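Engineer: Numbering follows numbering that gives the first Met the number 0, with no gaps: position 231 of the sequence shown is 230. Where a beta carbon is used, it is the ideal one built from N, C-alpha and C, also for glycine. Note that the structure is predicted; figures quoted are calculated from it, not measured.
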Amino acid sequence: MSLSRIISLVSEDLDEVNKKLVEYTKSDIDLINDVSAYIINSGGKRVRVILTLLFAGLLGVDRERAIKIAAITELIHTATILHDDVVDDSSMRRGLPTANKKYNNPAAVLVGDFVYTRAFQLIADFNDNSLMSLYTDAVNVIAEGEVRQLINLGDLTINEEKYFAVIYSKTARLFEVCCHAIAKLKYSEDLVLQGKLAKFGSFLGTGFQIIDDVIDYLSSKEESGKSKGDDLAEGKPTLPLIRLREVGSLEDKQLVEKIILQEKGLEVLDYVVERMEANDCFTYCFNRAYQEADKAKDIIKDFADSEYKQALLTLVELSVRRQA
């Protein structure tokens with residue numbers, strides 16, 4: 000199944016989600032409207048929205064409620080982007096200037112706050128305390144992930160365990176919520192099944208983020224929409240860098256430590272990529288992502304064959320075998 004076929008399965012609902020995002024972020028304050036519209040209309044894969052809608056199709060969840068859950072989750076993702084780009088001092092995203100660069104940091108932070116609170120107003124419409132808890136817990140974990148990542152900067156004790164704790168919190172948890180919320184709507188009394196189905200999202204999200212971290216080293220700005228080597232420039236110890244320190248030469252280990260301490264930056268990017276390739280670091284990362292993909296696919300293997308099931312399986316594959 001192709002990506003175009005996946006999108007065609009949910010195209011009407013996806014269009015409706017996009018309309019809802021505009022509707023839900025309207026305000027009497029022009030700056031809020033401007034910043035919200037800018038980031039919502041700046042592209043993006045909408046992978047969390049597509050995941051939510053496909054999962055709803057697989058489980059047979061009511062269309063209107065699924066659309067609202069998809070919009071809520073995308074609003075939370077949008078708010079995290081607004082905040083992340085300020086924290087990271089990012090200048091490019093999706094091939095365009097970030098909101099904080101186009102406007103300013105205070106505007107990006109405050110509109111991010113507005114988008115967060117609007118998402119929770121919409122969750123409250125469900126009048127379901129367990130659904131509210133699901134989202135509040137998730138946003139709390141996402142915030143903890145940001146703090147974990149901040150703590151890891153300059154930390155020479157960084158290892159894979161700490162890395163995976165960060166990407167679960169920052170990325171995989173929201174993917175998990177996409178599936179958990181839909182499962183909760185379908186199987187409100189079966190907590191065990193809800194938890195199992197939620198894992199589809201966390202495995203997919205983990206694999207997705209590993210590939211994102213590889214792309215940061217390998218893809219150009221034209222391909223990924225972001226500046227190549229941003230993670231290295233910020234001294235961010237992601238999996239490719241952690242792996243190089245684990246298996247590389249003494250010289251490699253010393254170089255990685257200088258990068259983590261931000262004593263070296265983009266001037267060594269090409270050399271670092273060469274050393275990563277020489278030590279099969281990218282192959283290692285790809286294989287870890289493929290393992291997560293296999294675990295995700297295993298979660299839904301017993302569902303009856305359908306276009307939604309096939310689309311989800313394909314989405315998993317595309318997420319870990321992409322170039323941007």
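Going by alpha carbons, who is nearest to G59 out of K185, E276, R244, L312?
Structural biologist: K185
Engineer: If we ignore side chains and look at the alpha-carbon of each, how far apart do Y115 and V246 end up?
Structural biologist: 41 Å
Engineer: What is the DSSP secondary structure of L95, reduced to helix, strand or coil?
Structural biologist: strand
Engineer: Taking DSSP as the reference, what is the three-state secondary structure of K225?
Structural biologist: coil
Engineer: Under 8 Å: do the segment 98-105 and the segment 59-75 share three or more Cβ pairs, one atom per stretch?
Structural biologist: no
Engineer: How far does the alpha helix (DSSP H) with F202 in it extend, from its first residue to its last?
Structural biologist: 190-217
Engineer: Does the beta-carbon distance from V191 to T72 come in below 9 Å?
Structural biologist: One thing to note: V191 has its Cβ no nearer than 9 Å to the Cβ of T72.
Engineer: Below 8 Å on the Cβ atoms is my contact criterion, and I expect Y102 with V21 to pass it. Report the Cβ-Cβ distance as a whole number of Å.
Structural biologist: Their Cβ separation, rounded to whole angstroms, is 18 Å, which puts Y102 and V21 out of contact at 8 Å.
Engineer: Mind reading off the beta-carbon distance from E291 to F174? Whole number of angstroms is fine, and I expect it under 8 Å.
Structural biologist: In fact, because the Cβ distance is near 11 Å, the residues do not count as touching under 8 Å.
Engineer: Would you mind stating whether L240 and L231 have Cβ atoms separated by less than 9 Å?
Structural biologist: Yes.
Engineer: Any idea what DSSP makes of R47, helix, strand or coil?
Structural biologist: helix
Engineer: Going by the CB atoms, is the gap between R117 and G23 shorter than 9 Å?
Structural biologist: Just to set this straight, residue 23 is Tyr in the shown sequence, not Gly. Closer than 9 Å, so yes.
Engineer: Could you give the C-beta distance for G206 and V319, rounded to a whole number, given that I count them as a contact under 8 Å?
Structural biologist: 5 Å
Engineer: Run through the segment 124-162 for me and flag every whole alpha helix (DSSP H) of 4 or more residues, listed as ranges in chain order.
Structural biologist: Entirely contained in the segment 124-162, the alpha helix (DSSP H) runs reaching 4 residues are, in chain order, 128-151.
Engineer: Is it a yes or a no for the segment 278-288 touching the segment 30-44, going by three-plus beta-carbon pairs under 8 Å?
Structural biologist: no
Engineer: Which residue from S218, Y270, S10 puts its Cα closest to that of L243?
Structural biologist: Y270
Engineer: If I measure Cβ to Cβ from A335 and keep anything under 8 Å in the same chain, skipping five residues before and after, which residues do I get?
Structural biologist: It is not possible to answer for residue 335, since the shown part of the chain is limited to 0 through 323.
Engineer: So, helix, strand or coil for F410, using DSSP?
Structural biologist: As displayed, the chain neither begins before 0 nor continues past 323, which places residue 410 out of reach and without an answer.
Engineer: Please identify the residue among N104, V108, D136, A107 whose C-alpha is closest to the C-alpha of F119.
Structural biologist: D136
Engineer: Kindly list the residues whose CB is nearer than 7 Å to the CB of T265, restricted to its own chain and excluding five residues on each side of it in sequence; keep chain order.
Structural biologist: The sequence given here has Leu at residue 265, not Thr. G228, L231, A232.
Engineer: Only counting runs of 3 or more residues, tell me where the beta strand (DSSP E) segments fall wholly within the segment 260-300, in order along the chain.
Structural biologist: none
Engineer: Quick check on Q309: does DSSP put it in helix, strand or coil?
Structural biologist: helix
Engineer: What residue from L57, S3, G43 has the CA that sits closest to Y307's CA?
Structural biologist: L57
Engineer: Taking only the alpha-carbon atoms, compute the straight-line gap between L52 and S305 and give it to the nearest angstrom.
Structural biologist: Rounded to the nearest whole angstrom, the CA to CA distance from L52 to S305 is 14 Å.
Engineer: Excluding five sequence neighbours on each side, which residues of the same chain lie with their C-beta closer than 6 Å to the C-beta of I39?
Structural biologist: For I39, where only same-chain residues beyond five positions count, the Cβ hits under 6 Å are L20.
Engineer: Looking only at its chain, what residues have a beta carbon closer than 6 Å to the beta carbon of K263, apart from the 5 residues adjacent to it on each side?
Structural biologist: K257
Engineer: Are the beta-carbon atoms belonging to A78 and G111 less than 9 Å from one another?
Structural biologist: yes
Engineer: Can you check which of these residues, D189, S41, A180, F125, is closest to G200 by C-alpha distance?
Structural biologist: That would be A180, whose Cα lies nearest to the Cα of G200.
Engineer: Comparing C-alpha positions only, which one of S26, A171, D189, V86 sits nearest to L152?
Structural biologist: V86
Engineer: Kindly confirm or deny that the segment 126-146 and the segment 0-12 touch, where touching means at least three C-beta pairs closer than 8 Å.
Structural biologist: Short answer: they don't touch.
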